[in-house]
Amino acid sequence: MKKGLRRSVVEREKDPVPTVLTICGSVISCAAFVGGVALATESFLVSILASLTIAGPALIISNILVRNFQDQRTDSRLVPMIVIAAHLLAEAVETASDAARLIGDAKTFSKPSLGEIRGVPGLLGLVLVVASLNDAERQLRAAIEVPRVDKPSSLKLDDRKLVFPAFSVISKLIEQADRGFAMPWAVVSSSIAQNWADQCGVDFVYGMHLGDNCLVERRVGVPVIVQWSEFAIASETTGVGSISYLRCVEDCLRHAKAVAAAILKDGPSRLTVQASKALSGDQAALLQDILKND
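Going by the working numbering, the first residue of the sequence shown is number 164, and it counts up by one from there.
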């Protein structure tokens with residue numbers, strides 16, 4: 164019984180008013196009522212009516228205080244998870260950089276660091292991530308469309324393993340965040356991205372020097388693709404199929420942007436307002452476009 168009572172007091176964290184404050188208020192009210200009845204003075208009923216006159220204003224003030232308390236409590240739990248999710252989504256920029264490097268483009272695409280994402284107000288870090296994803300997608304597409312005399316059907320992997328966002332971790336973070344603040348579309352979008360990460364495939368080409376006689380095997384799932392890319396580093400004749408790999412990279416960017424946009428739409432409006440106040444120019448327009456689009 165003691166454990167049950169203790170659990171009911173400690174674990175009711177979703178109550179608008181803290182449990183301790185509720186218990187103290189109830190005790191005071193009971194003590195005041197018992198004392199008033201015991202004294203049985205003529206002015207007791209008048210005192211009750213007088214007390215009722217301040218009930219309305221007291222409720223209004225308490226609602227403001229409770230709402231602020233709830234917002235602060237929600238933000239303290241929600242923001243860290245969103246920050247880490249945004250940082251993981253930014254890994255898709257590194258995915259695009261890998262693709263550009265393998266097709267012969269020396270550019271590296273910039274992305275916001277974890278410190279930059281954490282150091283800005285509200286959901287501004289997510290806006291920075293979406294902007295970097297858009298820029299990486301645009302530059303990668305331009306690099307792919309550059310006219311070349313010979314467009315190889317396979318790409319030789321260099322000394323770095325392929326990088327993809329950890330969509331499974333991102334999905335779990337958003338599910339955790341959803342328990343404290345409803346983010347239905349973000350949950351759906353991250354689940355779709357995780358499903359894609361589990362089913363996407365890249366063709367690995369073994370014996371590239373053999374031409375049409377090479378061996379082609381499809382590796383399915385981001386963890387498997389990353390693992391086999393690490394194995395292929397040691398081989399001079401192993402690469403990835405151009406079409407399957409570049410399609411996989413483009414899909415990765417698309418899913419990363421979709422998840423980031425869904426978080427921005429579902430997140431607390433007060434955090435979005437904080438971000439909008441710190442933005443100007445193209446980034447402000449980008450945020451408005453995200454919030455308007457269905």
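Virtual Cβ for every residue (Gly too), placed ideally from N, Cα, C.
Buried/exposed call for residue i, threshold 16 Cβ in 10 Å
i       : result
Arg-301 : exposed
Lys-455 : exposed
Pro-347 : exposed
Ile-396 : exposed
Pro-275 : buried
Gln-357 : buried
Ala-345 : exposed
Val-246 : buried
Leu-373 : exposed
Gly-404 : buried
Asp-322 : exposed
Ser-398 : exposed
Asp-375 : exposed
Gly-430 : buried
Ser-239 : exposed
Leu-212 : Annotation note: pLDDT 48 at Leu-212 (below 50); position unreliable, no value reported.
Phe-327 : buried
Phe-367 : buried
Ala-425 : buried
Arg-381 : exposed
Ala-423 : buried
Alpha carbon of residue i to alpha carbon of residue j, nearest angstrom
i       : j       : result
Val-387 : Ile-406 : 18 Å
Thr-401 : Val-283 : 43 Å
Ala-262 : Ala-294 : 19 Å
Val-436 : Trp-359 : 32 Å
Ile-266 : Val-365 : 16 Å
Gln-339 : Arg-433 : 20 Å
Ala-329 : Arg-342 : 21 Å
Phe-272 : Ser-260 : 6 Å
Cys-377 : Leu-291 : 43 Å
Gly-384 : Gln-362 : 5 Å
Leu-450 : Ala-299 : 18 Å
Tyr-369 : Ile-337 : 38 Å
Glu-279 : Leu-296 : 15 Å
Val-412 : Leu-303 : 10 Å
Gly-288 : Pro-315 : 38 Å
Pro-243 : Lys-319 : 39 Å
Leu-286 : Asp-268 : 32 Å
Arg-150 : Ala-249 : With the chain running from 164 to 457 in the structure shown, residue 150 is simply not present.
Ala-306 : Lys-270 : 9 Å
His-418 : Ser-352 : 8 Å
Ser-331 : Ala-253 : 14 Å
Ala-255 : Leu-416 : 6 Å
Ser-354 : Lys-335 : 9 Å
Bridge-paired residues (DSSP) for residue i
i       : result
Phe-367 : Glu-380 and Val-403
Helix, strand or coil at residue i [DSSP, three-state]
i       : result
Thr-435 : helix
Ala-395 : helix
Ala-253 : coil
Pro-243 : helix
Asn-456 : coil
Ser-354 : helix
Ser-276 : coil
Lys-270 : coil
Val-292 : helix
Ala-419 : helix
Val-283 : coil
Ala-248 : helix
Ala-345 : coil
Gly-374 : helix
Leu-215 : Confidence at Leu-215 is low in this model, with a pLDDT of 48, below 50, so its placement is unreliable and no value can be given for it.
Gly-444 : helix
Residue i beta carbon near the ligand ADP (any heavy atom closer than 7 Å)
i       : result
Arg-323 : The ligand ADP is not part of this structure, which contains no ligands at all.
Contiguous beta strand (DSSP E) assignments of at least 3 residues, all confined to the stretch 297-329 = 317-319
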